[in-house]
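What follows is a set of notes on a single structure, which appears directly below.
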Amino acid sequence: MNKKSNLLYLLAGLFLVLFLTAASSTETNNNKQYCYALIAPIEEGNNGSSRIIKSDCFDNFADSISAATNGRVLLNHFARPDEVTNELLNSNNGLSSLSSQVVIGIDWDSTNFAGSSYTWVVSGSGCSISTQYSVSSMPSGWDNRVSSARGYSNCNYFYHYQNTNYGGSSVVCNTECSSMGSLDNATSSEKWTYTP
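Here this note's numbering is used: the first residue of the sequence shown is 8, the next is one more, and so on.
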């Protein structure tokens with residue numbers, strides 16, 4: 008009888024450990040964060056870096072994109088980030104384009120445009136021959152974290168640099184990188200340009 012009790016306690020303990028482990032990994036998977044930053048074009052004498060005007064984070068991708076675009080782009084809460092296209096992000100949905108914020112790039116912390124994301128937005132129309140954007144260091148929590156990225160709004164060259172201030176090796180995503188190759192989890196600064 009004592010052996011049966013010990014076996015039952017052992018099995019109950021194993022079940023409890025397995026249950027807690029499964030619950031913990033589910034909790035971890037649901038702790039994704041979706042952030043955005045509104046940045047200004049590179050200004051003369053600003054050491055080649057855009058100024059971050061404002062930033063915020065949300066618990067889901069749809070809310071992040073809605074806030075980033077001032078409510079112009081409304082995604083279904085079940086929309087997958089890999090389904091978002093340049094056309095969808097740049098439609099005006101009947102709203103004034105004068106006050107619109109457009110997405111110029113999205114970084115993800117997993118390959119193939121998955122996981123938490125950081126969306127970069129600007130006022131106006133994105134990149135042009137005379138307008139480009141850059142961040143000389145990544146926002147808090149995003150240094151050495153990017154695993155895939157997409158460029159939008161005529162920002163045809165989305166550069167990821169190994170070091171701050173655009174130093175070290177780099178990867179250019181053109182309009183997308185489903186993985187970052189040698190710079191996987193190693194981006195410390197970025198640039199967006201219309202031409203190389």
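Glycine is no exception: its CB is placed at the ideal position from the N, C-alpha and C atoms. Note that this is a predicted model, so its numbers are computed, not measured.
Starting from residue i, trace the alpha helix (DSSP H) both ways and give me its first and last residue.
i: residue 70; result: 68-75
i: residue 94; result: 93-97
By the three-class DSSP mapping on this structure, what secondary structure does residue i have?
i: residue 63; result: strand
i: residue 150; result: coil
i: residue 82; result: coil
i: residue 55; result: coil
i: residue 114; result: strand
i: residue 186; result: coil
Exposed or buried, what is residue i when buried is set at 16 or more other beta-carbons lying within 10 Å of its beta-carbon?
i: residue 81; result: exposed
i: residue 148; result: exposed
i: residue 197; result: buried
i: residue 87; result: exposed
i: residue 85; result: exposed
From residue i to residue j, what does the alpha carbon distance come to, in whole angstroms?
i: residue 171; j: residue 178; result: 14 Å
i: residue 134; j: residue 38; result: 33 Å
i: residue 90; j: residue 126; result: 15 Å
i: residue 173; j: residue 55; result: 10 Å
i: residue 124; j: residue 43; result: 8 Å
i: residue 190; j: residue 115; result: 13 Å
i: residue 58; j: residue 154; result: 24 Å
i: residue 95; j: residue 141; result: 23 Å
i: residue 117; j: residue 185; result: 9 Å
i: residue 74; j: residue 203; result: 30 Å
i: residue 132; j: residue 113; result: 16 Å
i: residue 66; j: residue 138; result: 32 Å
How far does the beta strand (DSSP E) with residue i in it reach, from first residue to last?
i: residue 46; result: 41-46
i: residue 200; result: 196-200
i: residue 176; result: Residue 176 -> no beta strand (DSSP E), and no H or E assigned at all.
Please go through the stretch 123-174 and give each complete beta strand (DSSP E) segment of 3 or more residues, from N-terminal end onward.
For secondary structure counted as the beta strand (DSSP E) over 3 or more consecutive residues, the stretch 123-174 holds these complete runs in sequence order: 140-142, 155-158 and 164-168.
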